[in-house]
Amino acid sequence: MKKYLGVDYGTKKIGLALSDDAGVLAFPHSVVINSKEAHEQIKEIAKVNSIKDVVIGYSKDLDGTENPIMENIREFQKELEGEGFTIYLEPEFWSTFQAKRMSDDSVADASAAAIILQSYLDRV
């Protein structure tokens with residue numbers, strides 16, 4: 293089985309989640325500030341955890357069109373693919389809102405990443 297990294301990519305913060313070693317359950321991991329260093333931090337977390345498969349939330353508006361954040365997500369996706377990661381885009385809708393209802397605000401983005409990752413794991 294594979295271990296996965298889940299990502300809830302935001303303009304200010306990026307929530308991260310990890311799967312268990314069997315690739316069945318997702319757990320909130322951490323939140324990093326979206327800065328120049330963030331991408332390196334994320335790659336390091338993946339490396340330390342022997343992860344090559346990354347699930348990123350695919351964000352759409354209520355009418356089904358892509359949110360403006362998708363431009364940044366696609367750049368991030370290309371960067372990770374260039375480093376040898378396999379990227380999966382998982383449709384997400386209101387994951388951060390849902391996570392804030394279930395967890396403390398300081399870890400809501402990591403919880404949102406876990407929701408996105410679990411949604412993917414449940415489908416594969």
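Taking this note's numbering, the leading residue of the sequence shown gets 293, the next gets one more, and so forth. Yeah, the Cβ is synthetic: ideal placement off N, Cα and C, and Gly gets one too.
Check: Under the three-state DSSP convention, the category Leu310 falls into; Outcome: strand
Check: Limits of the alpha helix (DSSP H) - the one that Glu384 falls within; Outcome: Unbroken run through Glu384 is the beta strand (DSSP E), 378-384; no alpha helix (DSSP H).
Check: Leu310 and Ile348 closer than 7 Å at C-beta; Outcome: no
Check: Cβ-Cβ separation, Ile306 to Val324 (assumed contact under 8 Å), whole Å; Outcome: 5 Å
Check: Closest residue to Glu384 among Met293, Asp401, Asp313, Lys339 (Cα-Cα distance); Outcome: Asp401
Check: Check whether Ile379 and Leu372 have beta carbons under 7 Å apart; Outcome: yes
Check: Coarse secondary structure for Lys392, derived from DSSP in three states; Outcome: Low confidence applies here, because Lys392 scores a pLDDT of 49, under 50, leaving its location unreliable; read the following figure in that light. DSSP places Lys392 in helix when its eight states are reduced to three.
Check: Which residues DSSP lists as bridging Tyr412, in chain order; Outcome: Tyr412 pairs with nothing; no bridge assigned.
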